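This report concerns only the one structure given below.
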Amino acid sequence: MVENLKRWSDTLDDVTASKPWILEQEKKDLLEKIADMNKWLEGKIKEQASKKLSEEAVFTSKDVESRFKPVQKLHKKTISKKAPKEKKPDKEEKKEDTKDEKKSEDKKEED
412 MVENLKRWSD
422 TLDDVTASKP
432 WILEQEKKDL
442 LEKIADMNKW
452 LEGKIKEQAS
462 KKLSEEAVFT
472 SKDVESRFKP
482 VQKLHKKTIS
492 KKAPKEKKPD
502 KEEKKEDTKD
512 EKKSEDKKEE
522 D
């Protein structure tokens with residue numbers, strides 16, 4: 412779990428460099444969530460280490476999973492973000508382009 416969080420934060424720069432449509436704010440939000448999850452998990456691990464084995468656990472796998480799922484979901488959403496579609500030229504622009512092409516073809520034929 413900790414390894415996943417570290418790997419995600421380490422590779423995020425490479426991913427966002429290859430996908431410039433991922434906004435800086437999205438990257439920042441994801442890094443914050445990863446840092447929060449890491450901080451919470453490390454705190455719980457330290458707290459658990461100070462307890463005896465016979466005492467009740469400080470946290471359970473269910474606790475970790477409930478905190479990890481939203482981070483995982485955000486990571487997947489951010490990394491999987493598709494590039495925005497390019498705008499198709501408007502009909503008016505197409506008409507103008509075809510008119511311009513016809514004019515240039517007519518001029519070539521006259522020469």
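For the sequence shown, my numbering gives the first residue as 412, with consecutive numbering after it.
Ideal placement from N, C-alpha and C gives every residue a C-beta, glycine not left out.
All values derive from a computational prediction rather than experimental measurement.
- Beyond the five residues adjoining it in sequence on each side, L441 comes within less than 7 Å, by CB distance, of L423, L485, H486, T489 in the same chain, given in chain order.
- Beyond the five residues adjoining it in sequence on each side, V469 comes within less than 8 Å, by CB distance, of K455, E458, Q459, K462 in the same chain, given in chain order.
- Burial is judged here by how many other beta carbons sit within 10 angstroms of a residue's own beta carbon; W432 has fewer than 16 and is exposed.
- Counting every other CB atom within 10 Å of its CB across the protein chains shown gives T471 a total below 16, marking it as exposed.
- In the three-state reduction of the DSSP assignment, M412 falls in the coil class, being assigned neither a helical nor a strand state.
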